[in-house]
Amino acid sequence: MDMGNHQSKWSIENSVSRHKKWLVSFAHAVYRLELPFVRPVHSCLYWVHCFIRESIAQMLRIIYWTPLFKSRLSNTPANLYLYSGLPLLIGPLSIYAGDNCRISGATTFAGRRSGNRKPQLKIGNNVGISWQNEILVGDRIEIGDNVRLAVKVRLVGYPGHPLEPNARAQGRADMENQVGSIILEKNVWLGAGVTVTAGVRIGEGTVVATGSVVTHDLPSGVLAGGMPARVIRPLDKEKQAPGE
Numbered sequence: 003m004d005m006g007n008h009q010s011k012w013s014i015e016n017s018v019s020r021h022k023k024w025l026v027s028f029a030h031a032v033y034r035l036e037l038p039f040v041r042p043v044h045s046c047l048y049w050v051h052c053f054i055r056e057s058i059a060q061m062l063r064i065i066y067w068t069p070l071f072k073s074r075l076s077n078t079p080a081n082l083y084l085y086s087g088l089p090l091l092i093g094p095l096s097i098y099a100g101d102n103c104r105i106s107g108a109t110t111f112a113g114r115r116s117g118n119r120k121p122q123l124k125i126g127n128n129v130g131i132s133w134q135n136e137i138l139v140g141d142r143i144e145i146g147d148n149v150r151l152a153v154k155v156r157l158v159g160y161p162g163h164p165l166e167p168n169a170r171a172q173g174r175a176d177m178e179n180q181v182g183s184i185i186l187e188k189n190v191w192l193g194a195g196v197t198v199t200a201g202v203r204i205g206e207g208t209v210v211a212t213g214s215v216v217t218h219d220l221p222s223g224v225l226a227g228g229m230p231a232r233v234i235r236p237l238d239k240e241k242q243a244p245g246e
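Residue numbers (the working numbering): 3 to 246.
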């Protein structure tokens, strides 16, 4: 009897093992499954896909995203090009935007909640704000005409938390002395991943290199970079394009 039970148990375990192996093999086969690739057919399908996607995106931009965003502005700018959806708007914030601006929908605009007055954001004419920018307004941020913000730029006008650990643990707001304005004068260009902290002014025409952290004022017409950012060299204005 014991021998029979042992054989029956072994038979069941062996059957389960075989089924498990088969299921694993089947899963691997499905994972590696590939349909035949026909270049002319799939090339056409790709362009049809792009056309449909862009048509839908442009329609949404014109009739939905742009009017919604304009409803949150204090003015009505001309030729606003808002792409890739609607920016994330957090907290109390007054936004003025100039004409001919290009703003990614993957941008965050935030205003400090605990201040004594409503934070102010002023965006000049012909400004380009690329995707995944974070513009956090503590008091005031001004972005001058023709400014370019590359991907993942952060303008941090307030930290959101106090430095004192007990106050931070209690969920208290940041202190007034941690908050400051950020001024980007016209023709400034911030490279990808640049962070600008509160209380900083960047002079006209200055370029800040990728990944830099700007913690103090920078003069006009220079190339700056580093952590913290420092002046690397003056820019040769004679070699810049007319109108820059």
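Glycine included, every Cβ here is placed at the ideal spot set by N, Cα and C.
As the structure is a prediction and not an experimental result, all values here were calculated from the model.
In the three-state scheme derived from DSSP, where H, G and I count as helix and E and B as strand, Leu82 is classed as coil. Cβ-Cβ separation between Ala231 and Ser214: approximately 4 Å, consistent with a contact (criterion under 8 Å). In the assembly as shown, Arg114 is a buried residue. Its beta-carbon has 16 or more other beta-carbons within 10 Å. Per the coordinates, the alpha-carbon of Asp238 lies some 25 Å from the alpha-carbon of Glu144.
In the DSSP secondary-structure assignment, Ser96 is bridged to Gln122. In this structure, the straight-line span from the alpha carbon of Pro236 to that of Val198 is close to 20 Å. Sequence-distant Cβ neighbours of Asn81 in its own chain, meaning closer than 7 Å and more than five residues away, are Asp101 and Asn102. Counting along the chain, the unbroken beta strand (DSSP E) around Glu144 starts and ends at Arg142 to Ile145. As far as DSSP is concerned, Trp24 takes part in no beta bridge.
For Val43, the enclosing alpha helix (DSSP H) covers residues Arg41 to Leu62. Under a 10 Å Cβ-count criterion, Glu178 is classified as exposed, with fewer than 16 other Cβ atoms of the shown protein chains found around its own Cβ. The alpha-carbon separation between Ser27 and Leu37 amounts to approximately 19 Å.
For Leu70, the enclosing alpha helix (DSSP H) starts and ends at Thr68 to Lys72.
When C-beta atoms of the segment 157–164 are compared with those of the segment 130–149, three or more pairs fall below 8 Å, so the two segments count as touching.
Bounds of the beta strand (DSSP E) holding Pro236 are Arg232 to Pro236.
For Ala112, the closest alpha carbon among the candidates His51, Cys52, Arg104 and Gln122 is that of Gln122.
The three-state reading of DSSP puts Ser106 in strand, counting E and B together.
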